[in-house]
Structures are given as C-alpha cells and as structure tokens.
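*Asks:* Numbering (my numbering), first residue to last: 216 to 794.
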C-alpha cells in the first residue's frame, strides 16, 4: 500500500516533465539575434555531452513552414554540441528553432529559441517543442525505474544476508530472491522497449518502430540495459549452481560480489555520475552508494521476513546490525560527496528543485536512522535475553533435590519474545521509510543538479549560491474588507525552456492565506505570442506547477487572477523578464 501510494503521488500525480542533467549554455546565432545575412549553421552548446535524435533540431520560417536542414550532428567533434546546416538562402524574417536532445545521463531535454534575418517579422512562426515526455510513456518508464531500484535492493540485499548473517533457515528468502530477480528482469526489458518513445516524447505504441528500437540497441542507455539483462541471466545460472550448497567458499563469494558490482555499474554509467566533473570518482561513489543501499534496505526486508517466519537466532540479528552500521557509514560518506558534486553551493539547497528534493531525502534518512536506532536497542535486548536463557539451560539440576524452577528462565524467554516483537515493529518502520528514500533517490536521478543549473546560466558556482530565480510580487485588491494582499510569483529558473512556478498568496497582515483559485497566464506582446496558461494546481498552502515552457526570451506580461470567494476575484498584470 505504501509503495503504491508513493508511486501514484510522485509519478501519476506529477504532470510536469522531468528535468535533465544537460542544460543549454548558449546558441549560435544567439537567442533573439537580428543578423544582417543568413547563417549557414545553427549550433547549440550544452553543459554536458548529449545524444542526438533524428529530429533533434527543427527550423520554421516566418511563414510557419519547416525549413529543410542537414542531418543533426556534433559540431567539430564536440559531444556537448548539436548542429545543423541551413540552406544557402533564407528569406528575411524571424525563424524559430525547436530542439530536443538526450543528455549523457540518459534523460531527454528540449526547448526553443528564435533569430531573425534582416529584421524581425511582423508575425513570427509559432512552434511547440512538444512535451518533454509523453505522459503515458513517462509514467510507465518512471514506474519501471522505481521498481528496478526496489528489485535490485531486494535481490542484492537478500542474497548477501545469507553469507553475512548466516541464518539457520534461509528457505523463506528463496521467494523474495526469485521475485526480485524477475522484477528486475521485467523492468529492464520494459525500460529497453520504452527507451525510444521516452527519448522522442512519443506514445508507448511507437516502441514497435523497428528503426527506433534498432537505434536504442546501439546507444549507450540501450547497451547498458542489455548488459543488465545479460548479467541477470548469469546471476540465474550462478544461483542454480549454488542452490543446494550450505557453505559458500571465498571464490564463490567473490564471484557474487563481482556480479553485484557489475549490476550497480549499469546504473552508475547511465545516471548523473557518468557526466560532469570527476567522473571516475563519481562512478565509484555511486556504485558504493547503491551497493550500501541494497545491503541495508534489502537486508532489512530479509530480516523482516525471517523474523516473521522463523525463529531467527539473536546472533544473526547482531551480525546484520554490524553490517547495517557499515552500510550507513558508506552511505553518509558517498552521499556527502554526491551532494557536493550535484549542488555546487549551499544556496542551491533551497534555491533549486534538486536541493529541495535532497533535503527531503535527508529528512527521510534521519527518520530511517532513528528507526535503526530502535532496532539496535531491540537487538541488544534480544541478544541479552537469549544469552540469559542459554546460561540458565546449562545450569545442572541439584542432585537429590526438588526440580529447579528459576524465575530467571521465564524472564529470559519473555524478554526474548518481547525483543522479537519490538524488533519486528522497528524493522517494519525501517522498511517503510526505506521505500520512501528509494523513491526520492530515483526522482533525484532525473532532476537538474544545481551545479548544472549554474553552468547553464553562464555564471560560476560560488559559495554565495545560484543566480536568483525570477520573483515577482503582484498586489491585488478585490474591493472587499480584508480582500487585498499580494501574490508572490516565483518562476524557476526564469529562463527560456522548462520552468517551475510557485504562487504564494499573502493577506493584508502579511501571513499566508488560502484562496479558492489562482490563475496565471503569460504573453509576449512584442512577438505576438500567448497567452500561455501556466495551469497552476493547489499544492496545499500554495499554487504551483512544474510544467511551464517559455520558448523565447524577452519581457513577458504576466496576468494573475486571484479569486477570494465564489464571486470576488480580480486580475492584475505585471511585467516579468525571462532570460
């Protein structure tokens, strides 16, 4: 139930497209430039290497007709660029360029910009970059990604629990191991099949396009998924060979460790660690982070299953407690490094979506550690109770005396029973919070890091923080008592492309107030573009969206409608500059 609710809220409930690691740094010609003569090439430069699609760059002329351009390619062998050749002659007027590429961490990103030849057109072509992700494809793809993380944690954690903790009865773990293997195999196949529609922003049915699927099989994300599927087949053969063994030799354990590392590499090579700064160190950190997470959370699931189905010895619980402590240490060290690498500054913690998600993950991890603390206490109590019971059982009966009935023995047994019940509850809490941590981790892998945002803005990453997003205060007054205040509109990052919007309503006393409705539209009169409806949603205490695409830089007119009652509302306009 918990997993289902989280998936619905974070996947199906989020209509906005996922941000990607690659961000546009600049264009040639510049956005909005007026050129004396037509350029021969269009070149886009990104913050990291990008993959190109068949339709990566589309150019529309002033009459809204598509211009025939050359094949999209990397400029001068630079993998962080996308370029096309234009016809020798272009008519006078304004042209719109819509682009879509795949960043090095496998996520698609798109946008649009304009340039003019001779002079700007009285009317310009209009185009949509298309949805960054088709909603149905995005939902299926993201659900598969979430389930893959859960499956690899269960598979690696439950498999490692046996040699590390040495439970007397490992039979109950066979079912979870098989379920984890099949789930990971199935999700990997789904991710491979949906890779092309996900990159192109098309419907799931387009997955059956043979040409598109062929390109997936030769691209880096597709090859990594194929490697993951092949590794899972090796894991299955490995497990069959070991099924009847009760003791595992060191070479066998080493081979299992190599397979686990190889599986983790199929994630590290396809996510944020594969692009940006310090890639070798980042890849190593990500592999260690994923393995520590799997050992801890997957081991917790194994521990919970054995506590409910068998009389798990206290010694096995104590061994897992030591393993969990080591995993937490690795998670803290690698997590701090990855946070620094992704954020680049303290200001990004609250100034970017990535930072806010990271804070949410940290809060969830703190809860997880608190639950783990209770588990360690119950483990210590269980070990102590078992020790008292064992000592009492070894005390000989007095010769010729009455049967020995000690008050300590029932107390020891009662303590063991209480310890097991308490441990079950605390481990269950750890597993529940662990699922939330996993989901937040998956969301972070598809969110624009603060460092990349700063690079895209053309400003260095400093300790002072990131460039400030566009924040506009719009006063309103509906003409009724206490019917006035202001709306604070934050457009992040306030640049061309995908933006998130938060609208917070403040009353006359300066406090946040709830209103029945807030609407926001934006228009660019100079280009006769709009109005574009931001489609704000009530997010509990404020209104917002993560699905506002602004294709052109300039001074936009923002119209804010605030409805305070069923009949009282007012619309106020304000100018806002989009870079």
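Each residue gets a CB set at the ideal place from its N, CA and C atoms; glycine is no exception.
Rank 400, 641 and 698 by C-alpha distance to the C-alpha of residue 364 and give the top, closest one.
*Replies:* Selected option, being the one with the closest Cα: 400.
*Asks:* What residue from 286, 305 and 275 has the CA that sits closest to residue 254's CA?
*Replies:* The option with the nearest alpha carbon to residue 254 is 305.
*Asks:* Could you spell out where the alpha helix (DSSP H) holding residue 396 opens and where it closes?
*Replies:* Run containing residue 396: 389–415, per the alpha helix (DSSP H) assignment.
*Asks:* For residue 646 and residue 550, what's the separation of their Cα atoms in angstroms?
*Replies:* If you take the alpha carbons of residue 646 and residue 550, they lie about 19 angstroms apart.
*Asks:* Could you tell me which of 520, 728 and 576 sits nearest to residue 377, measuring between CA atoms?
*Replies:* Nearest C-alpha to residue 377: 520.
*Asks:* Can you name the start and end residues of the alpha helix (DSSP H) that residue 323 belongs to?
*Replies:* Per DSSP, residue 323 belongs to no alpha helix (DSSP H); it is in the beta strand (DSSP E), 323–332.
*Asks:* Quick one: Cα of residue 437 to Cα of residue 483, how far?
*Replies:* Approximately 14 angstroms between the Cα atoms of the pair.
*Asks:* Helix, strand or coil: which one does DSSP assign to residue 305?
*Replies:* Residue 305: coil per DSSP, three-state reduction.
*Asks:* With a threshold of 6 angstroms on Cβ separation, who are the neighbours of residue 546 within its own chain once the five nearest residues in sequence on each side are excluded?
*Replies:* Around residue 546: 507.
*Asks:* Check for me: the alpha helix (DSSP H) holding residue 478 runs from which residue to which?
*Replies:* Note, residue 478: alpha helix (DSSP H), 465–483.
*Asks:* Distance check for residue 413 and residue 183, CA to CA, integer angstroms please.
*Replies:* Residue 183 is absent from the model: the chain starts at 216 and stops at 794.
*Asks:* Work out the CA separation of residue 264 and residue 786 for me, nearest whole Å.
*Replies:* The alpha-carbon atoms of residue 786 and residue 264 are separated by roughly 44 angstroms.
*Asks:* Which whole-angstrom value describes the C-beta separation of residue 411 and residue 421, a residue pair presumed to lie in contact below a C-beta threshold of 8 angstroms?
*Replies:* Going by Cβ atoms, the distance from residue 411 to residue 421 rounds to 7 angstroms, so yes, they are a contact pair.
*Asks:* With 16 other CB atoms within 10 Å as the buried threshold, where does residue 710 fall?
*Replies:* That one is buried.
*Asks:* Taking only the alpha-carbon atoms, compute the straight-line gap between residue 407 and residue 651 and give it to the nearest angstrom.
*Replies:* Taking the straight line from one Cα to the other gives about 25 angstroms.
*Asks:* List the whole-angstrom C-beta distance separating residue 586 from residue 641, where the pair is believed to meet the contact cut-off of C-beta under 8 angstroms.
*Replies:* Yes, they are in contact, since the Cβ atoms of residue 586 and residue 641 sit about 6 angstroms apart, within 8 angstroms.
*Asks:* Just how far apart, CA to CA, sit residue 450 and residue 643?
*Replies:* Straight-line Cα distance between these residues: approximately 28 angstroms.
*Asks:* Measure the C-alpha to C-alpha separation of residue 687 and residue 720 and round it to an integer number of angstroms.
*Replies:* Their Cα atoms are separated by approximately 12 angstroms.
*Asks:* For residue 416 and residue 270, I'd like the C-alpha separation in whole angstroms.
*Replies:* Their Cα atoms are separated by approximately 11 angstroms.
*Asks:* Find out if the Cβ-Cβ distance for the pair residue 336, residue 292 is shorter than 8 angstroms.
*Replies:* No, Cβ-Cβ distance for residue 336 and residue 292 is not below 8 angstroms.
*Asks:* Less than 6 angstroms between C-beta atoms, sequence neighbours within five positions excluded: which residues of the same chain meet that for residue 792?
*Replies:* Cβ within range, chain order: 770.
*Asks:* Leaving out the 5 sequence neighbours to the left and right, which residues in its chain are closer than 8 angstroms to residue 246 when beta-carbon positions are compared?
*Replies:* For residue 246, where only same-chain residues beyond five positions count, the Cβ hits under 8 angstroms are 328, 329, 330, 711, 767 and 768.
*Asks:* Do residue 734 and residue 751 have their C-beta atoms within less than 8 angstroms of each other?
*Replies:* Their beta carbons are under 8 angstroms apart, which means residue 734 touches residue 751 by this criterion.
*Asks:* For residue 714, write down the residues that DSSP places opposite it in a beta bridge.
*Replies:* Paired residue(s): 763.
*Asks:* Among 707, 716, 705 and 731, which residue has its Cα nearest to the Cα of residue 698?
*Replies:* Out of 707, 716, 705 and 731, 731 has the C-alpha closest to the C-alpha of residue 698.
*Asks:* Let's test the definition: count the other Cβ atoms within 10 Å of the Cβ of residue 349 and tell me whether it reaches 16, buried, or not, exposed.
*Replies:* Buried.
*Asks:* Between which two residues does the beta strand (DSSP E) carrying residue 505 extend?
*Replies:* Careful: residue 505 lies outside any beta strand (DSSP E), inside the alpha helix (DSSP H) at 494–508.
*Asks:* Can you tell me whether DSSP reads residue 293 as helix, strand or coil?
*Replies:* DSSP places residue 293 in coil when its eight states are reduced to three.
*Asks:* Judging by CA-CA distance, which residue of 274, 789, 489 and 723 is the nearest neighbour of residue 286?
*Replies:* Taking only the C-alpha atoms, the option nearest residue 286 is 274.
*Asks:* Between which two residues does the alpha helix (DSSP H) holding residue 429 run?
*Replies:* 425–433 is the span of the alpha helix (DSSP H), which, as asked, contains residue 429.
*Asks:* Please identify the residue among 454, 354 and 381 whose C-alpha is closest to the C-alpha of residue 418.
*Replies:* The shortest Cα separation from residue 418 among 454, 354 and 381 belongs to 354.
*Asks:* Could you give the first and the last residue of the continuous alpha helix (DSSP H) run that contains residue 377?
*Replies:* Taken as a continuous stretch (DSSP letters only), the alpha helix (DSSP H) holding residue 377 covers 350–380.
*Asks:* Find out if the Cβ-Cβ distance for the pair residue 368, residue 392 is shorter than 8 angstroms.
*Replies:* In this structure, residue 392 does not lie closer than 8 angstroms to residue 368 by Cβ.
*Asks:* Tell me which same chain residues have a C-beta within less than 6 angstroms of the C-beta of residue 477, skipping the five on either side of it?
*Replies:* Here the set comprises 446.
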